[in-house]
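S.K.: The structure's right below; bear with me while I get my questions together.
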Amino acid sequence: MKHLLETPSQAAALLQSQDRILIIMHRLPDCDTIGSGAALCKALQSLGKQAALFCKDEISSLYREIFTDITVYHPGTGLPFEPKYLVAVDLASPDLFGSGLEAYSSMTNLCIDHHSTNSCYAENILLMAHAAANCETIFEVILHLHAAITPEIATYLYCGIATDTGCFRYPNVIPHTLETAAKLLRLGADATKVNYLLFETKSEAKLKLEQYVISHFEMYFDKQCCLFVLPKQIIDSLDAGESDLNNLAAMGKIQRGVKVAVMLRELQENTYKVSIRTTGDSGVDAGVVCAMLSGGGHARSAGCTIRADAQTAKEMIIKAISLQVAITGR
Numbered sequence: 006m007k008h009l010l011e012t013p014s015q016a017a018a019l020l021q022s023q024d025r026i027l028i029i030m031h032r033l034p035d036c037d038t039i040g041s042g043a044a045l046c047k048a049l050q051s052l053g054k055q056a057a058l059f060c061k062d063e064i065s066s067l068y069r070e071i072f073t074d075i076t077v078y079h080p081g082t083g084l085p086f087e088p089k090y091l092v093a094v095d096l097a098s099p100d101l102f103g104s105g106l107e108a109y110s111s112m113t114n115l116c117i118d119h120h121s122t123n124s125c126y127a128e129n130i131l132l133m134a135h136a137a138a139n140c141e142t143i144f145e146v147i148l149h150l151h152a153a154i155t156p157e158i159a160t161y162l163y164c165g166i167a168t169d170t171g172c173f174r175y176p177n178v179i180p181h182t183l184e185t186a187a188k189l190l191r192l193g194a195d196a197t198k199v200n201y202l203l204f205e206t207k208s209e210a211k212l213k214l215e216q217y218v219i220s221h222f223e224m225y226f227d228k229q230c231c232l233f234v235l236p237k238q239i240i241d242s243l244d245a246g247e248s249d250l251n252n253l254a255a256m257g258k259i260q261r262g263v264k265v266a267v268m269l270r271e272l273q274e275n276t277y278k279v280s281i282r283t284t285g286d287s288g289v290d291a292g293v294v295c296a297m298l299s300g301g302g303h304a305r306s307a308g309c310t311i312r313a314d315a316q317t318a319k320e321m322i323i324k325a326i327s328l329q330v331a332i333t334g335r
């Protein structure tokens, strides 16, 4: 039987009663899942508990400059202990565990997430859909654990909030988001370092990816929807990491008048990771569109995976968007 938790204190109480805790981050990890996992892991370890981080994929070299003091275990690398309690962070559905790891979803004891489309696969779910980033909720959980929030932990949490809000530019920012960020700054979060690395500089690979993307825009719905396909060959040829791909999905919105931006990133042959970003006046709910294709997310930002060739994948996405447009009358 699934239990929907109502408050971070309930999640903290569950964690207080457990040990040998394995914290699972989603595949192709971004700063919100890494920040959530790393901060929670450090907090639990400070309480004398055995806790470890687990992820299908490696953390990018850029993110490693921020998350300098964490160890992440991967399939086949072995773990420091036999896990007794599994916690998923920022992980809305089983497919986000990564290929071959979907079975972990049926063993997950606690999921802490902020996606309204969470499929409620875990035994216990703390779902705070109002939060702009999952790190906001993890912050509350750590406070209820009565663990010390060091400058290191504060930086990890700030990083997740900053990236999921586009450095506080996105419409998901609410007063609570800014209040949480302010608290983390008071606790010693190194916002200057995070902001410089993630928002003020770009790698050569990212600059070349952006150049490629802009030259391959496809326009739909009277130029209000911008779509592009990013082949794996291009990513590999530039030796681009996950940090180079961060926020690339929103590139389509740099063209004035575009209200829906779509990226189809090729993961392998006939498999595409779809990311959709929308504006508040688009009449398109990105989460609903992706839910039609077994994905999910938020109204302004969502994703799914399509197993088909590029042309078919494009047609499926455009059809799903057209259904939303028809419903809203835009």
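So the sequence shown is numbered by this note's numbering: it starts at 6 and just counts up by one. Ideal Cβ placement from N, Cα and C applies to all residues, glycine included. Keep in mind the model is a prediction, meaning the values are calculated, not measured.
#1: So if DSSP puts residue 278 in a beta bridge, which residue, or which two residues, is it bridged to?
#2: Residue range of the beta strand (DSSP E) that residue 129 falls in?
#3: For residue 153, which residues from the same chain have a beta carbon less than 7 Å from its beta carbon, with the 5 sequence-adjacent residues on both sides left out?
#4: Please list the terminal residues of the continuous beta strand (DSSP E) segment that includes residue 59.
#5: From residue 173 to residue 215, what does the alpha carbon distance come to, in whole angstroms?
#6: Could you tell me if residue 191 is buried or exposed, where buried requires 16 or more neighbouring beta carbons within 10 angstroms of its beta carbon?
#7: Does the region 86–94 touch the region 26–37, meaning 3 or more C-beta pairs lie closer than 8 Å?
#8: Give a yes or no on contact between the region 275–294 and the region 149–167, applying the rule of three or more CB pairs nearer than 8 Å.
#9: Nearest to residue 199 by CA position, among 16, 9, 40, 14, is which residue?
#10: Leaving out five residues before and five after residue 243 in sequence, what residues of the same chain have Cβ atoms less than 7 Å from its Cβ?
#11: Quick check: the Cα distance between residue 6 and residue 207, rounded to an integer number of angstroms?
#12: Below 8 Å CB to CB, which residues in the same chain sit around residue 84 once its five sequence neighbours on both sides are set aside?
#13: Per the contact definition of three or more C-beta pairs closer than 8 Å, is the region 220–228 in contact with the region 254–268?
#14: Which full runs of the beta strand (DSSP E) of 3+ residues lie inside the region 199–275, going along the chain?
#15: When DSSP builds the beta bridges, which residues end up paired with residue 30?
#16: Rounding to the nearest angstrom, what Cα-Cα distance links residue 228 and residue 315 in this structure?
#17: Give the C-beta separation of residue 197 and residue 182 to the nearest angstrom, bearing in mind that I take them to be a contact with Cβ-Cβ under 8 Å.
#18: With the cut-off set at 8 Å, would you say residue 147 and residue 235 are in Cβ contact?
M.R.: A quick look at the data gives this:
#1: 270, 310
#2: 129–132
#3: 51
#4: 56–59
#5: 22 Å
#6: exposed
#7: yes
#8: no
#9: 40
#10: 210, 213, 214
#11: 46 Å
#12: 27, 57, 59, 78
#13: yes
#14: 223–225, 230–235, 265–273
#15: 94
#16: 20 Å
#17: No, residue 197 and residue 182 are not in contact; Cβ-Cβ is about 19 Å, not under 8 Å.
#18: no
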